[in-house]
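Accompanying notes for the structure given below.
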Ligand SMILES: Cc1ncc(C[n+]2csc(CCOP(=O)(O)OP(=O)(O)O)c2C)c(N)n1
Ligand SMILES: Cc1ncc(C[n+]2csc(CCOP(=O)(O)OP(=O)(O)O)c2C)c(N)n1
Ligand SMILES: [Mg+2]
Ligand SMILES: [Mg+2]
């Protein structure tokens with residue numbers, strides 16, 4: 072078995088980047104403050120020192136420029152790994168992502184493909200208010216041509232990032248910043264990947280299926296423990312790949328349990344949970360024993376002082392689990 | 072009763088703008104080529120001549136600048152009515168729309184609000200390929216703080232635009248360009264509004280509820296006629312306000328029919344149809360007689376040569392209606 | 005240009021300045037800031053520094069979520085506000101509390117925002133520094149840098165059309181000047197002949213990124229030509245020069261003469277924010293060099309040259325500032341957070357039914373839990 | 005500057021040009037384009053015009069979805085391609101079919117794209133003009149204007165790092181220069197020292213919008229200074245000047261000397277596109293003035309001055325062009341559209357399960373309908 076090391080998510084991501092940069096001479100890392108400083112969350116720490124300032128470098132403060140030039144670098148034979156400092160600041164680059172990166176392979180009939188990863192910390196729970204808390208995954212999932220991936224812990228972060236880096240499509244890689252330093256787990260020292268488009272069955276259960284991803288996995292785990300205390304046996308799925316996603320895994324779980332609850336921090340309307348509910352109710356209709364449910368951020372901008380109310384909590388999840396199972 | 076005039080959607084929109092510009096001296100119209108030229112679709116034709124170049128004017132070619140300066144104009148006491156030449160080109164302005172316009176009122180505790188309308192032609196059916204065909208409504212519906220409105224015909228266009236113009240919140244007003252000149256209907260000559268957040272019950276029926284909006288209303292109508300020929304009695308709802316929307320109207324219809332089909336041209340995943348299905352199955356669960364269904368654009372970029380296959384067709388709608396009703 | 009050459013630039017004649025190294029200035033330029041105003045400004049700079057020091061400590065104690073100092077840049081932030089009319093809107097970036105202090109925004113109003121408590125005019129919706137004081141003509145601050153620039157342009161157009169004779173001033177950092185919004189704002193302002201001033205606080209750094217990585221341009225003011233608007237580069241630690249440049253630009257804009265870009269060279273003496281550690285990316289020495297050139301040092305020297313400021317006066321001003329800040333902290337810290345129900349307000353002017361349902365369901369959940 | 009002053013600008017010494025009004029040039033500058041190349045370029049210009057005329061007609065007959073002419077701008081589009089190395093990528097805006105013709109992209113490949121048929125390398129996915137010819141180093145065109153500029157910058161960085169000695173050239177219109185992407189691309193190119201040339205075809209209009217509404221700047225080339233890169237403004241109807249400017253810039257960039265911005269003044273002689281009617285917004289007279297200055301008129305005059313071009317030769321060149329275009333049309337129009345199944349390819353390198361399900365369900369629906 073591979074050597075295991077204790078790592079938090081930052082270290083796991085840094086380690087994945089290090090392994091990849093060592094292997095692929097054409098890979099480069101760029102973004103605001105990612106160079107000597109190592110990024111505001113230190114994910115790229117030490118990499119400029121190791122791989123030089125031509126391969127790991129700070130950019131001017133302009134997200135459209137970062138993604139736009141990265142596209143050109145990919146066309147020119149480099150493999151850009153881009154950091155957007157916070158997911159909230161990705162929107163100036165939105166056109167370059169949804170109109171350019173997402174459509175490039177399709178629009179030229181496959182003559183070019185863009186092998187690039189756009190990393191960004193996302194999500195709430197750090198008292199960041201409107202602009203340091205958003206969860207934009209649904210915008211990207213609604214955009215054909217992009218892959219959207221969200222790890223929930225250090226192990227997932229390393230394996231998924233390495234898989235994303237090996238993937239020939241543009242990948243939007245969202246990192247739950249609340250989890251960055253909050254847990255340490257055993258992570259294999261060497262190269263490994265967690266395949267894209269595959270969800271992880273985290274816990275088996277009979278009574279209901281609970282799907283979450285990113286920082287909400289922690290909430291899911293805690294809620295399920297509470298539910299266990301009340302005698303409910305809940306199956307938990309970590310979605311990991313948000314799009315394209317593992318519908319099969321979700322379906323076969325719901326076919327067993329007949330009940331589904333999806334958690335997301337993003338505003339509820341047109342979010343990822345809506346997508347799962349819509350698709351699952353269609354395909355598992357006859358097996359359903361209760362309305363499929365979701366717990367999401369409210370349809371308000373992300374608040375500052377009241378963020379604990381805004382974010383799905385284990386108590387709310389328990390409440391809905393209870394209602395779903397007792398339906 | 073008010074005088075009625077035959078108008079196509081372009082004329083109805085132009086007429087609404089004319090009425091509003093006459094009434095509100097602080098209203099201004101800006102966008103690419105909207106001045107002397109009257110816009111590439113001629114929606115603003117004649118308005119610069121009437122209201123002067125300080126109130127109706129061409130801007131430089133930069134959508135972020137258009138929306139960004141419009142926000143400032145609204146703060147400064149003007150009421151901007153902005154045209155984005157095609158919805159496909161709104162993405163450079165995405166940050167200004169989702170991070171600024173959408174959050175402005177909330178973030179300052181209501182000290183300022185932005186009374187502004189962002190108009191844009193959207194949707195397929197004109198052989199516009201990737202970049203003259205997109206339907207971005209879900210991006211905006213997923214963004215709390217914005218209102219999203221889509222008329223389906225000339226009558227709706229005028230009444231909804233006048234309501235949007237009277238609304239104190241920023242409204243993203245999407246105009247189905249395929250319908251721009253394709254139908255003429257009787258439209259009241261004078262001022263009237265169609266309230267926001269209200270759907271229209273277009274046809275009553277017992278067997279299933281069909282929800283659509285924008286250019287898809289035409290497809291819905293045609294499909295329902297075909298279905299009628301097969302003996303199915305389908306209720307049709309024109310959503311009109313995409314967000315915030317009239318859940319009550321949809322629910323009470325589905326509670327009656329037990330069946331729902333939603334049509335959208337946008338890519339399927341995380342679209343508006345997903346939202347409706349998710350919410351309706353939760354709230355009308357015990358009344359459902361068949362899986363709720365949606366017909367949407369495929370999860371690919373919008374194509375050029377094969378757009379007739381991409382767009383939901385009346386035949387596909389009929390096919391799913393049949394399957395839903397015979398479930 | 006990197007920070008070294010930025011220092012050099014402060015010395016070159018191309019850069020416009022008024023104050024001499026010894027604190028003197030040409031006699032006829034004194035009137036730019038009469039003695040009484042100079043004293044008021046000096047006191048505000050002291051207050052600014054006390055706030056920076058005390059609130060940074062508060063942040064370290066975990067009593068404040070986040071903090072950003074503006075120490076060193078007060079000649080720009082206070083000077084610009086001073087040079088404007090009271091009803092000219094100022095679109096802040098975030099590092100310009102000095103402008104608020106000149107505008108006489110109450111200290112408690114500022115602190116309530118920093119805390120996000122029940123009295124915060126923003127209703128606790130935003131992180132510290134995202135001020136909005138409509139009464140004082142301060143529109144809402146947002147994090148994404150540069151987004152305020154087109155707003156200021158649009159406001160400046162509205163002012164022209166509505167003949168309010170207001171001039172909108174927008175601050176941004178030299179980092180923010182790399183964003184697309186900078187480009188569109190400046191270009192639109194020329195075309196719209198907006199009554200707008202864009203003021204770049206070029207403090208040498210954007211977090212860890214030095215100006216040399218931000219652009220290869222020798223000066224950011226040189227961008228003005230590419231938009232057909234006025235451009236000037238000034239010594240941003242020279243209060244009189246700041247006042248003159250902003251006043252000139254405001255007068256021209258008010259008279260229909262068009263917008264202006266002012267690049268004010270200054271230095272971020274502190275960390276980027278309470279989350280930052282600048283020793284990781286810049287030499288101590290560089291920071292020390294700037295201490296002689298910083299806003300307080302230069303304004304103080306000038307006031308002494310005028311003979312209107314003594315060490316005793318300074319001592320008592322520091323004491324006043326400490327007292328005011330202490331009072332502000334103790335009064336504001338006591339206040340409760342905003343009520344839960346307020347979470348759902350102000351998304352729209354009137355709450356839509358779909359959102360009311362979310363609110364009701366959540367409040368019911370809270371009630372049920374209590375039972 | 006509006007169109008009137010644009011015309012003036014063509015006459016001013018500030019604007020760099022080589023060809024004189026009578027078609028002559030300084031003897032030592034002839035070698036910029038040797039006689040044989042000049043003839044080849046002239047023939048391409050004729051071909052370009054025949055395509056424009058014939059395909060516009062085809063469009064009016066409903067046999068082509070959309071068309072855009074580039075008549076008048078060929079000195080820039082052909083000249084720039086000529087001045088580059090064959091493997092230098094050209095990032096097209098959309099009005100540069102001349103570059104493709106110089107690169108010897110087969111006429112049928114161009115036409116297949118315009119039609120979007122089964123042989124289109126883009127598989128019928130995009131509107132006319134959204135070319136991509138990887139073999140000829142032509143990356144994919146996209147509608148949103150200006151988005152190609154950062155791509156060219158990034159490619160130019162890759163070329164430097166990978167030491168391919170390629171230079172990336174990006175075209176854009178003067179309208180596109182107002183987009184944020186212009187700003188970030190040029191600024192990044194300076195900082196990254198990218199091997200990139202930005203070439204603005206300033207043809208006076210963006211659809212109906214004249215340059216005077218696009219910017220208040222006197223010249224777009226003046227923006228170069230604000231990014232610390234080289235900038236030059238040239239007569240874009242002067243083939244030799246275009247070749248020289250692009251060649252100089254390419255040599256400098258290849259040698260590590262950094263990027264350049266070239267503003268080439270030209271004129272959009274036709275409508276914006278087949279959907280446009282320019283008589284609604286510009287005077288006939290203005291158009292007529294430009295006929296004397298257009299690329300064909302000036303290159304022809306120069307070729308005659310060199311004594312290498314006669315009316316007879318021109319006649320036979322026109323005939324050749326007509327023939328080639330006729331053949332292209334008839335061969336390409338015959339081809340069927342792409343197969344339905346192809347709709348789902350190339351979204352990702354491998355089709356994901358969720359998309360395969362959509363494909364299978366749709367193909368099943370089609371099969372069921374047929375029965
Ligand atoms: C669009 C966007 N991208 C990134 C950030 C993160 N960020 C916050 S401040 C900052 C540096 C800003 O530097 P500058 O504009 O020079 O202002 P200064 O902090 O020096 O006053 C960055 C990168 C942001 N706030 N907005
Ligand atoms: C982002 C974006 N906004 C709007 C448009 C619509 N549009 C297409 S071409 C054009 C004018 C472009 O003018 P210019 O850049 O000068 O190029 P030219 O057509 O003159 O060659 C406009 C506004 C677009 N394609 N992309
Ligand atoms: Mg700075
Ligand atoms: Mg043009």
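Protein chains in written order, with our numbering: chain Y, 72 to 398; chain U, 72 to 398; chain G, 5 to 375; chain P, 5 to 375.
Ideal Cβ placement from N, Cα and C applies to all residues, glycine included.
For clarity, every value in this text was computed on a predicted model and none was experimentally measured.
Top-ranked residue by Cα proximity to residue i, from the options
| i | options | result |
| --- | --- | --- |
| residue 189 (chain Y) | Y:162, Y:242 and Y:149 | Y:242 |
| residue 149 (chain U) | G:237, G:159 and G:333 | G:159 |
| residue 76 (chain P) | P:39, P:68, P:135 and P:268 | P:268 |
| residue 307 (chain Y) | Y:313, Y:316, Y:289 and Y:314 | Y:289 |
| residue 212 (chain G) | Y:90, Y:106, Y:252 and Y:267 | Y:106 |
| residue 376 (chain G) | G:234, G:209, G:224 and G:204 | The question about residue 376 (chain G) has no answer here: the residues shown for chain G are numbered 5 through 375. |
| residue 73 (chain G) | G:338, G:271 and G:293 | G:271 |
| residue 398 (chain Y) | U:282, U:354, U:382 and U:389 | U:354 |
| residue 266 (chain Y) | Y:260, Y:249, Y:226 and Y:277 | Y:226 |
Any non-hydrogen atom of ligand 3 closer than 8 angstroms to residue i Cβ
| i | result |
| --- | --- |
| residue 178 (chain G) | yes |
| residue 300 (chain Y) | no |
Those residues which DSSP pairs with residue i across a bridge
| i | result |
| --- | --- |
| residue 206 (chain G) | G:269 |
| residue 190 (chain U) | U:154 and U:244 |
| residue 313 (chain P) | BP columns for residue 313 (chain P) are empty, so no partner. |
| residue 258 (chain U) | U:76 |
| residue 93 (chain G) | Per DSSP, none; premise fails for residue 93 (chain G). |
| residue 332 (chain U) | U:281 and U:364 |
| residue 134 (chain Y) | Residue 134 (chain Y) is not bridged to any residue. |
| residue 309 (chain Y) | Y:271 and Y:283 |
| residue 137 (chain P) | P:142 |
| residue 220 (chain U) | U:244 and U:312 |
Residue i: CB within 8 angstroms of a non-hydrogen atom of ligand 2
| i | result |
| --- | --- |
| residue 160 (chain U) | yes |
| residue 163 (chain U) | yes |
Residue i Cβ short of 8 angstroms to ligand 4 heavy atom set
| i | result |
| --- | --- |
| residue 102 (chain P) | no |
| residue 209 (chain P) | yes |
Any non-hydrogen atom of ligand 1 within 8 angstroms of residue i CB
| i | result |
| --- | --- |
| residue 82 (chain G) | no |
| residue 150 (chain G) | yes |
Neighbouring residues, chain C, relative to residue i (Cβ below 9 angstroms)
| i | result |
| --- | --- |
| residue 182 (chain G) | The chain inventory of the structure shown lacks chain C, comprising the protein chains Y, U, G and P. |
Quick check: the segment 357–367 of chain Y against the segment 321–341 of chain Y, are at least 3 beta-carbon pairs closer than 8 angstroms?
yes
List, from N- to C-terminal side, the alpha helix (DSSP H) runs of 4 residues or more that fit wholly inside the segment 207–283 of chain P.
215–218 and 243–258
Contact the segment 74–86 of chain U vs the segment 252–266 of chain U: 3+ CB pairs below 8 angstroms
yes
Ranges of the alpha helix (DSSP H) found wholly within the segment 292–371 of chain P, counting only runs of at least 4:
299–310 and 315–337
Any alpha helix (DSSP H) of 4 or more consecutive residues that is wholly inside the segment 159–198 of chain G
184–196
Hey, is the segment 52–71 of chain G in contact with the segment 242–252 of chain G, meaning 3+ C-beta pairs nearer than 8 angstroms?
no
Continuous alpha helix (DSSP H) assignments of at least 4 residues falling wholly in the segment 45–90 of chain G
78–87
Is the number of C-beta pairs between the segment 112–131 of chain U and the segment 198–217 of chain U that are closer than 8 angstroms three or more?
Counting Cβ pairs under 8 angstroms, fewer than three are found: no touch.
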